[in-house]
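This report concerns only the one structure given below.
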Amino acid sequence: MSDGPTGRPDLDAAYAALAAHAGDAVLGAVFAKGELTVRLRAAALVAAVAFLKAERGFAALSDMIGLDNGPAPGEGRARFTVLYQLYNRDARLRIRLAADAEGEALPSIVGVHKAADWAEREIFDMFGLRFEGHPDLRRIYLDPSFEGHPLRKDFPLQGRG
Amino acid sequence: MSKRPPGPQPFLLTKVDRFITWAQKNSFWPLGSGLACCAIEMIATAAGRYDIARFGFELFRASPRQADLFIVAGTVTNKMAPIVRRLYEQMPEPKWVMAMGNCAVCGGPFPTYSVLQGVDKVIPVDVYVAGCPPTPEGLLHGLITLQEKVAATHPTNVMFKRHE
Amino acid sequence: MSFKDLELNMGPQHPSTHGVLRLKVKIDNEVILSIEPVVGYLHRGMEKLWESLTYPQIMPYTDRLDYIGAVANNFAYALAVEKLAGIEVPKRAQYIRVVLAELMRISSHLAWIGFQANDIGAVSVLLYGFEDREDYLDIFEAYAGGRLTINALRLGGLPFDLDADLIARIRATLAGLPRRLREIETLLDENRIWKHRTQGVGCISAAEAVDYGLTGPCLRAAGIPWDIRKDIPYSSYEDFEFDVPTSDRSDVYGRYQVRMREIRQSARIVTQALDRLPAGEVLAKVPRVLKIPAGEVFHTTEAPKGELGFYIKSNGTDKPERIKMKSPSFINLQSLPLMCRGGIFSDIVGILGSLDIVLGEIDK
Chain A
7 MSDGPTGRPD
17 LDAAYAALAA
27 HAGDAVLGAV
37 FAKGELTVRL
47 RAAALVAAVA
57 FLKAERGFAA
67 LSDMIGLDNG
77 PAPGEGRARF
87 TVLYQLYNRD
97 ARLRIRLAAD
107 AEGEALPSIV
117 GVHKAADWAE
127 REIFDMFGLR
137 FEGHPDLRRI
147 YLDPSFEGHP
157 LRKDFPLQGR
167 G
Chain B
3 MSKRPPGPQP
13 FLLTKVDRFI
23 TWAQKNSFWP
33 LGSGLACCAI
43 EMIATAAGRY
53 DIARFGFELF
63 RASPRQADLF
73 IVAGTVTNKM
83 APIVRRLYEQ
93 MPEPKWVMAM
103 GNCAVCGGPF
113 PTYSVLQGVD
123 KVIPVDVYVA
133 GCPPTPEGLL
143 HGLITLQEKV
153 AATHPTNVMF
163 KRHE
Chain C
37 MSFKDLELNM
47 GPQHPSTHGV
57 LRLKVKIDNE
67 VILSIEPVVG
77 YLHRGMEKLW
87 ESLTYPQIMP
97 YTDRLDYIGA
107 VANNFAYALA
117 VEKLAGIEVP
127 KRAQYIRVVL
137 AELMRISSHL
147 AWIGFQANDI
157 GAVSVLLYGF
167 EDREDYLDIF
177 EAYAGGRLTI
187 NALRLGGLPF
197 DLDADLIARI
207 RATLAGLPRR
217 LREIETLLDE
227 NRIWKHRTQG
237 VGCISAAEAV
247 DYGLTGPCLR
257 AAGIPWDIRK
267 DIPYSSYEDF
277 EFDVPTSDRS
287 DVYGRYQVRM
297 REIRQSARIV
307 TQALDRLPAG
317 EVLAKVPRVL
327 KIPAGEVFHT
337 TEAPKGELGF
347 YIKSNGTDKP
357 ERIKMKSPSF
367 INLQSLPLMC
377 RGGIFSDIVG
387 ILGSLDIVLG
397 EIDK
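Protein chains in written order, with my numbering: chain A, 7 to 167; chain B, 3 to 166; chain C, 37 to 400.
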């Protein structure tokens, strides 16, 4: 048993390296249901993802998930959060990074993982979050003339008009 | 589609009608246009076991200009609706439309912001086949119903302008 | 007339685009300059819809995602919910789920080879593939009542048990599989036209494949033996012996070889599962109204198309806060322009077929 947040030596080592690299950009870690979630400041996101890919073997981006925390998210929480599921296949490790959007923007990680290209477009389409540095940020599912962002909690299921 | 005239049909024209509708209903050329899951059942109906060819429907055409039956197989989204309309307009007369599957009939299980609640909102539909997806037997039943519908029409009314 | 810098539109209505996919292709005579997939023509708003449904109500909708391999979606969803809710699935149910999932993989790959060969011109293989697939659809129909969208799983296990009749039927169907595969392979393996149109076409390097997030047979054809069933086993997959086929040729032909071998490995898994089927229940006790305490989980499985998974965030009620489906085809399709670079126009259908995409899961 190791004394990091997860109790698993390999995952704790990855977390410790990330914490050492990112310093106070790491806002906390939660280990639940066998999964480690690390909250990060948005500004340190690209560097953290690149570090995990280059130094810790997290070569694959499995998915990016946008979250709307509701129009009134509460103390210290941003409205939108994006989760990054990274996978280290050699060690069979998964890690989830969570970054709150500042305003409605986040830095794009397309430079590190090409797989993020369409995932970021999807989050833009569904939530209206902008990804700074994305080469071609436009809607992917809906018509360009569609107004609104459907996965926001205040968007009605049947649409408007 | 031609209308039944108010009075009785001349004998010869009914025979011509019967001949034309016999030819039409036994040689539909469906447009090869599957939208979603129902398309797979449509292809299975065209494959070996259910063999749509024995009804004469074998020749799926890729181009709408050569097709006379538009089987709308799958969910029609708002983004896809103008394209469905354009495909329908590109088909030459006489043409028929079958809405296959619950999504094409009425939007199916998707009452959402992006799904058209039934393809009959953009094109006129002749036969509705319900199911999610309809089994190949269900689709064949719909096709036979369409054949019966065609057999009851009077193409000579259009040819000889016998309706108002 | 010159065909330099001509922009052509393939789809969304097209016989070979595997659904409502639109490809904007710029060509210079026959050579592809650029290709851009446009998706969203089947976007049904499922993720938004699921936020207003209860967990069991969502299960039938998952069939409509990857509609050619429906059980794979049910499986991934059930596993994610069970992980989040802490539901323990009985061992017998785990084995039967493996049986159903692998039979679905065989059925999906048979449909795939039909479509791929049909696109390239070998129309008989479409008919052979679909005919062979009918036997598997019969098994699903006997088990759960549906051929295509089956809703074969329940949260906590399965709706029905496999009786002796059905087990015998599955064994009989699998016994006929090698001969049918040989029929298809005889037509294609050493066929000059097939080889000419698939070898050296759609190449992608292993490093690029990982960077673009490719998963599934396309990644394994690039030489990388990633398979979630072996790497992070779920539902008792660790109890079974099977190989993970890879190929050293990362082109359309290599992906064809990998999938044909995968069919054989699936048959092997099903036979082992049926031989060692443990006794017991097939459904765990799950409350009628399933409320899951706040939490989140991300669970993926190895579906026929690639790594398919669900992220579920619960908020203590009986409806999810957020569900995101990790769709293998969505991510795999991004690498289409890379695979098409330097190719000619007629390669597009072959490459698109080898990616094995399903628009239902791309567009959700």
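Beta carbons: idealized from backbone N, C-alpha and C, even for Gly.
Contact of E150 (chain B) with chain C is not assigned, every C-beta pair being separated by 8 Å or more. Looking at the DSSP output, A35 (chain A) shares a beta bridge with A:V44.
Inter-residue distance for T16 (chain B) and V159 (chain C) is about 41 Å (C-alpha atoms, whole angstroms). Taking the Cα positions, A48 (chain A) is about 10 Å away from T87 (chain A).
Taken atom to atom, the span from the alpha-carbon of R158 (chain A) to that of I299 (chain C) is near 42 Å.
Taking all protein chains shown into account, F166 (chain C) has 16 or more neighbouring C-beta atoms within 10 Å of its C-beta and is therefore buried. Under the three-state reduction of DSSP output, V131 (chain B) falls in the strand class. One thing to note: A178 (chain C) has its Cβ no nearer than 8 Å to the Cβ of L139 (chain C). Taking the Cβ atoms as the reference, V152 (chain B) lies roughly 6 Å from Q26 (chain B), within the contact range of under 8 Å.
A residue is called buried once 16 or more other Cβ atoms fall within 10 Å of its Cβ, and Q301 (chain C) is buried on that count.
Shortest Cα-Cα distance from G139 (chain A) to any of A:I146, A:V52, A:G10 involves A:V52.
For K81 (chain B), the chain A residues whose C-beta falls within less than 9 Å of its own C-beta are Y147, L148, D149, F152, listed in chain order. Assigned with DSSP and collapsed to three states, Q370 (chain C) falls in coil, not helix or strand. If you check each beta-carbon in the region 180-191 of chain C against every beta-carbon of chain B, the ones closer than 7 Å belong to R183, L184, T185. Every beta strand (DSSP E) of 3 residues or more that sits fully in the region 49-136 of chain C is shown, in chain order, as 58-64, 67-74.
At a Cβ-Cβ threshold of 8 Å, L103 (chain A) and Y90 (chain A) count as neighbours. Taking a Cβ-Cβ threshold of 8 Å, the residues of chain B close to L163 (chain A) are P113, T114, Y115, in chain order. At least one CB atom of chain C sits nearer than 8 Å to the CB of A38 (chain A).
Straight-line spacing of the CA atoms in E219 (chain C) and A31 (chain A) works out to 60 Å.
When C:K84, C:A114, C:G105, C:L78 are compared, the shortest CA-CA separation from M95 (chain C) is found for C:A114. Check the Cα spacing between I175 (chain C) and each of C:V161, C:R190, C:D155, C:D199: the tightest is with C:D199.
Interface criterion met: the Cβ of T336 (chain C) is under 8 Å from a Cβ in chain A. If you draw a 10 Å sphere on the C-beta of H232 (chain C), you find fewer than 16 other C-beta atoms in it, and that means exposed. By the beta-carbon neighbour count (other beta carbons within 10 angstroms, threshold 16), S29 (chain B) is exposed. Note that the region 91-110 of chain A does not touch the region 382-399 of chain C; fewer than 3 beta-carbon pairs, one per stretch, sit closer than 8 Å. About 5 Å separates the beta carbon of S116 (chain B) from that of H79 (chain C), a gap short enough to meet the 8 Å contact definition. At a cut-off of 8 Å, the C-beta of V333 (chain C) has a neighbouring C-beta in chain A. In the three-state reduction of the DSSP assignment, K266 (chain C) falls in the helix class. For the pair I393 (chain C) and I68 (chain C), the Cα-to-Cα distance works out to about 21 Å. The beta carbon of E274 (chain C) does not come within 8 Å of any beta carbon belonging to chain A, so the residue lies off that interface. Interface flag for L37 (chain B) against chain C is set, since a Cβ pair is found closer than 8 Å. Under the Cβ distance rule, P156 (chain A) counts among the residues neighbouring chain B, one pair being separated by less than 8 Å.
Contact residues of the region 67-92 of chain C toward chain A are V75, G76, H79, G81, E83, K84, L85, S88 (C-beta to C-beta distance below 7 Å). Inter-residue distance for M46 (chain C) and K60 (chain C) is about 6 Å (C-alpha atoms, whole angstroms). Counting C-beta pairs with one atom in each stretch, the region 251-270 of chain C and the region 316-330 of chain C have fewer than three that are closer than 8 Å, which means they do not touch. For secondary structure counted as the beta strand (DSSP E) over 3 or more consecutive residues, the region 103-166 of chain A holds these complete runs in sequence order: 111-113, 136-138.
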